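Engineer: Residue numbers (my numbering), protein chains in the order written: chain A, 2 to 339; chain B, -9 to 343.
Supplied in structure tokens, the structure appears directly below.
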Amino acid sequence: MSDFEPGDQASIASVTDRVRPVAIGAAVTAIHFLGDRAAFVGAEESVALVDGEGDISRVTVHGGGILCTASDGARIAMGGDDGKLAELNSKGEVAVLATDPKRRWIDNVALHPDGAVAWSAGKTAFVRSGRSEDKTFDMPSTVGGLAFAPKGLRVAVAHYNGVTLWFPNMAAHPEFLEWAGSHLGVVFSPDNKFLVTTMHEPALHGWRLADNRHMRMSGYPGRVKSMSWSAGGKSLATSGADAVIVWPFASKDGPMGKEPAMLAPLQARVTVVACHPKQDILAAGYSDGTILMVRLEDGAEILVRRNGTAEVAALAWNAKGTLLAFAAEDGEAGLLPL
Amino acid sequence: MPSSTPQKIPVTVLTGYLGAGKTTLLNRILSENHGKKYAVIVNEFGEIGIDNDLIIGADEEVFEMNNGCICCTVRGDLVRILDGLMKRKGKFDAIIVETTGLADPAPVAQTFFVDEDVQKNARLDAVVTVADAKWLSDRLKDAPEAKNQIAFADVIVLNKTDLVSKAELTEVEARIRGINPYAKLHRTERCKVKLSDVLERGAFDLDRILDIEPDFLEAGQDHDQHDHEHHDHGHHHGHDGHGHGHGGLKHYHDEEMQSLALRTDKPLDPTKFMPWLQNLVASEGQKILRSKGILAFSDDDDRYVFQGVHMMLEGDHQRKWKEGEPRESRLVFIGRELPEQIIRDGFESCITS
Chain A
2 MSDFEPGDQA SIASVTDRVR PVAIGAAVTA IHFLGDRAAF VGAEESVALV
52 DGEGDISRVT VHGGGILCTA SDGARIAMGG DDGKLAELNS KGEVAVLATD
102 PKRRWIDNVA LHPDGAVAWS AGKTAFVRSG RSEDKTFDMP STVGGLAFAP
152 KGLRVAVAHY NGVTLWFPNM AAHPEFLEWA GSHLGVVFSP DNKFLVTTMH
202 EPALHGWRLA DNRHMRMSGY PGRVKSMSWS AGGKSLATSG ADAVIVWPFA
252 SKDGPMGKEP AMLAPLQARV TVVACHPKQD ILAAGYSDGT ILMVRLEDGA
302 EILVRRNGTA EVAALAWNAK GTLLAFAAED GEAGLLPL
Chain B
-9 MPSSTPQKIP VTVLTGYLGA GKTTLLNRIL SENHGKKYAV IVNEFGEIGI
41 DNDLIIGADE EVFEMNNGCI CCTVRGDLVR ILDGLMKRKG KFDAIIVETT
91 GLADPAPVAQ TFFVDEDVQK NARLDAVVTV ADAKWLSDRL KDAPEAKNQI
141 AFADVIVLNK TDLVSKAELT EVEARIRGIN PYAKLHRTER CKVKLSDVLE
191 RGAFDLDRIL DIEPDFLEAG QDHDQHDHEH HDHGHHHGHD GHGHGHGGLK
241 HYHDEEMQSL ALRTDKPLDP TKFMPWLQNL VASEGQKILR SKGILAFSDD
291 DDRYVFQGVH MMLEGDHQRK WKEGEPRESR LVFIGRELPE QIIRDGFESC
341 ITS
């Protein structure tokens, strides 16, 4: 079904002719910007660093599949099925941060702006910060996701039936936020007031951290795999439906009792979302290869990439918001300067 | 093969009670020179004596889906591991999932029905159960897990046949058949079985769903059975099964776990059959371990095939009925304390008059 394009999309403003195609040539699972270079993280072994001119240099980081990535803008931390936690800096230098003695998969990784790194292998979560020794914490079940709180050294660890809030440098008991089901991804709101998880079932779950009140965010036809906070953290954009589902977080109650906005509906599933770092705009990628830029305020759309290709696998903005990078599952990628 | 998607990676689930020989079979699969590469998900790391970067340790983490259905459990670890393995697509041909000896095969099988991502990339090929010829009969009495594993199997590797007499072998096979007459059964010593008999069977493939013909042939090959008939009756007096001869064949009826076969050469009414089947698995799904069927609907020139695990069903139009092929509907249920008469009556009511 690649022939509905004229009627459907002719009226939409298009910037498709401004996209610089980049041929990565292998499956891409994530994109992060390191300075001015876009780092396209492959499904296996290597990262392709692409500069503004479209020149590609490849760096090998793992001896197998790359399972998870996190970036703070200065470096990318990656966990692999080779049992290694590796780091790539903006010069393209690779360092191995940790090796699991049992060669277990490194399933999750998170970075803190002050330099701390958290990772997990099976049920065990690890944190390394500053000069101190690595801290470890065994969860009741396999870790599904990790996130650092924006303030202080606090790690949210998602697992079955809830989230553990762990303070690696304190003897205090970790806090446990309970909700039945399997929690796979976790994010704090930028203002540190809310915690949101993606679940195995097609739903999000949230907690208001002041009083641990629950927020159920359900109704998705598919599992939510991509979440992105808008500039300023007033809303959370998500994948998983045939429109971008945007939950309001501006008030003290967050999305409790409110309906989400449904932007940019298409006859395809949203697979990945990325909010612009400065303006109230987001980029959304779909299962049919379409990429749109969408204004949060009124849902106005600009076409970045047409449908009819492989599923969009990754999207990222550079820190200034002047460059959008994207990649499809088949390794077809591009850069859009704005 | 219209309804099978070739790029989906076949997954074999390997079950079997403690000590039956799962690890022996796995080691054979991994060391034999067959030109294929397998990714193996094991529950106890280190038992496999072969160095392979595609051997992954798993934790058998079963959780309930939040959909109000208590037997709708899936293996969360498997969802995660399969997702990770897909990053290395092209580096292996098939996946083998070993379960622990005490595991219920249902959550593993259900993972392939429920999870959207798993379904997209992988398909359940067959449940292969390794059984210990010497001890299985005892385990069927005292270990519900062992019985589940036999009931669930598409292929049964009856191992350690060199440790039992011919009579004991006949006895244990009859017990297996009392629970699951539809699985392919292979007798082995030290799990020496042709790998093509256990791998890439397509047993869960809707295209090859079944022969729903009971696989009694192998049990019938023994002729010295009458000598032991009497002994069997005496020995099992008061236990949960009873044996009786049928001209050289021996049948056991397991009082707890049964299979039920239904058949009609009259067309089924789809507007009655589908709601009936869905209601049946919704209300009795905890008892029904496996269900399979080939269906002939009225005013429909296509064969319809379905299969299920507990409350989950999947089905599709498979192909046109062939010229001269009898348009017959056949269904099989394997389960615990099946309400046989209710199922038979319900099925009858779906036949067009």
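Yeah, the Cβ is synthetic: ideal placement off N, Cα and C, and Gly gets one too.
These numbers were taken from a predicted model, which means no experiment stands behind them.
1) Provide the residue(s) that pair with A:GLY146 in DSSP beta bridges, ordered along the chain.
2) The beta strand (DSSP E) with B:ASN344 in it runs from where to where?
3) Out of curiosity, what's the CA-to-CA distance linking A:TYR161 and B:PHE53?
4) Which residue from A:VAL271, A:ALA314 and A:GLU312 puts its Cα closest to that of A:VAL295?
5) Find the residues of chain A that neighbour B:ASN56, judging by a C-beta separation of less than 7 Å, and give them in chain order.
6) Is the CB of B:ASP83 under 9 Å away from at least one CB in chain A?
7) On a Cα-Cα basis, can you pick out the residue from A:SER252, A:ASN90, A:THR291 and A:GLY233 that is closest to A:GLN280?
8) Using a Cβ-Cβ distance cut-off of 9 Å, determine whether A:LYS103 contacts chain B.
9) What residues in the region 215 to 230 of chain A have a beta carbon less than 8 Å from any beta carbon of chain B?
10) Quick one: measure Cβ to Cβ for B:TRP311 and B:ARG293, integer angstroms, because I've assumed they're closer than 8 Å.
11) Could you tell me which residues DSSP pairs with B:PRO0 in its beta bridges?
12) Under 8 Å Cβ to Cβ from B:ALA123, same chain only, skipping five residues before and after it: list those, please.
13) Counting only Cβ-Cβ distances shorter than 8 Å, please list the residues of the region 67 to 92 of chain A near chain B, keeping chain order.
14) Under 9 Å between C-beta atoms, does B:ARG291 make it to chain A?
15) Along the region 147 to 176 of chain A, where does the CB come closer than 9 Å to a CB of chain B? Name the residues.
16) For B:ALA272, which three-state DSSP category applies?
17) In whole angstroms, give me the CA-to-CA distance for B:ASN33 and B:LEU250.
18) For a contact meaning CB atoms closer than 7 Å, what does A:GLY123 contact in chain B?
19) Taking just the CA atoms, how far does A:VAL60 sit from A:THR291?
20) Assess, as a yes-or-no matter, whether the region 104 to 114 of chain A is touched by the region 94 to 112 of chain B under the definition of 3 or more beta carbon pairs within less than 8 Å.
21) Buried or exposed, going by whether 16 or more other CB atoms sit within 10 Å of the CB of A:ASN319?
22) Quick check on the DSSP output: the beta strand (DSSP E) that includes B:LYS124 runs from which residue to which?
23) Which whole-angstrom value is the C-beta distance of A:PHE168 and A:ALA111, which I expect to be below 8 Å?
24) Taking the runs of the beta strand (DSSP E) that are 3 residues or longer, which of them lie wholly in the region 296 to 327 of chain A?
25) Is the beta carbon of A:ALA27 closer than 9 Å to that of A:ALA40?
26) From the DSSP output, read off the bridge partner residues of A:SER230.
27) Whole angstroms is fine: what's the gap from A:GLY65's alpha carbon to B:VAL117's?
28) Using C-beta distances below 8 Å, list every residue in its chain close to A:VAL95, excluding the 5 sequence neighbours before and after it, in chain order.
29) Assign A:VAL97 to buried or exposed, taking buried as 16 or more other Cβ atoms, counted over all protein chains shown, within 10 Å of its Cβ.
30) Grab me the residues of A:SER91's own chain with a C-beta within less than 8 Å of its C-beta, minus the 5 sequence neighbours each way, in chain order.
31) Can you confirm whether A:ASP108, when its beta carbon is compared against all beta carbons of chain B, has any partner nearer than 9 Å?
32) If you draw a straight line from the C-alpha of B:PRO0 to the C-alpha of A:GLU134, how long is it?
33) Which residues mark the beginning and the end of the alpha helix (DSSP H) in which B:GLY336 is found?
34) For chain A, find out if any of its Cβ atoms is closer than 9 Å to the Cβ of B:ILE46; answer yes or no.
35) The region 106 to 121 of chain B: which residues have C-beta closer than 8 Å to a C-beta of chain A, in chain order?
36) On a CA-only basis, which of A:LEU297, A:SER288 and A:LEU237 is nearest A:ILE282? Give me that one, please.
Structural biologist: According to the structure shown:
1) A:GLY146 has A:ALA159 as its beta-bridge partners, per DSSP.
2) Outside the shown range of chain B, which is -9 to 343, sits residue 344 of chain B, and nothing can be said about it.
3) Those two C-alpha atoms are separated by around 8 Å.
4) Selected option, being the one with the closest Cα: A:VAL271.
5) Taking a Cβ-Cβ cut-off of 7 Å, the neighbours of B:ASN56 in chain A comprise ALA181, GLY182 and GLU202, given in sequence order.
6) No, B:ASP83 lies away from the interface with chain A (no Cβ there is under 9 Å from its Cβ).
7) Selected option, being the one with the closest Cα: A:GLY233.
8) Yes, A:LYS103 counts as interfacial toward chain B.
9) Listed by position, the residues of the region 215 to 230 of chain A near chain B (Cβ gap below 8 Å) are GLY223 and ARG224.
10) Contact flag correct, Cβ pair sits at about 6 Å.
11) Bridge partners of B:PRO0: B:ARG113.
12) The residues are LEU148, ASN149, LYS150, THR151, LEU153, VAL154, GLU158, LEU159, VAL162 and ARG177.
13) So the close ones are ILE67, LEU68, ASP82 and ASP83.
14) It should be noted that the sequence gives Asp, not Arg, for residue 291 of chain B. No, its Cβ sits nowhere closer than 9 Å to a Cβ of chain A.
15) The region 147 to 176 of chain A vs chain B, Cβ under 9 Å: TYR161 and ASN162.
16) Per DSSP, reduced to three states, the secondary structure at B:ALA272 is helical.
17) In a straight line, the C-alpha of B:ASN33 is about 33 Å away from that of B:LEU250.
18) Here the neighbours are ASP49.
19) Taking the straight line from one Cα to the other gives about 29 Å.
20) They do not touch, by the three-pair rule.
21) So A:ASN319 ends up on the buried side.
22) No beta strand (DSSP E) contains B:LYS124, which DSSP labels as neither H nor E.
23) Contact between A:PHE168 and A:ALA111 fails: their C-beta atoms lie close to 15 Å from each other, not under 8 Å.
24) Along the length of the region 296 to 327 of chain A, whole beta strand (DSSP E) runs at least 3 residues long occupy 302 to 306 and 313 to 318, reported in chain order.
25) The Cβ atoms of A:ALA40 and A:ALA27 lie no closer than 9 Å to each other.
26) The identity of residue 230 of chain A in the sequence shown is Trp, whereas the question assumes Ser. Its beta-bridge partners are A:LEU237.
27) Going from the Cα of A:GLY65 to the Cα of B:VAL117 covers about 29 Å.
28) Same-chain partners within the cutoff: VAL60, THR61, VAL62, ALA87, GLU88 and LEU89.
29) Burial is judged here by how many other beta carbons sit within 10 angstroms of a residue's own beta carbon; A:VAL97 has fewer than 16 and is exposed.
30) Around A:SER91: LEU35, GLY36, ARG38, ALA75 and ARG76.
31) Nearest CB-CB separation between A:ASP108 and chain B: below the 9 Å threshold.
32) About 44 Å.
33) It spans 330 to 338 - the alpha helix (DSSP H) in which B:GLY336 sits, taken as one unbroken run.
34) Output row for B:ILE46: interface = yes.
35) Within the region 106 to 121 of chain B, the residues whose Cβ lies closer than 8 Å to some Cβ of chain A are GLU106 and ASP107, listed in chain order.
36) Here the closest residue by C-alpha is A:LEU297.
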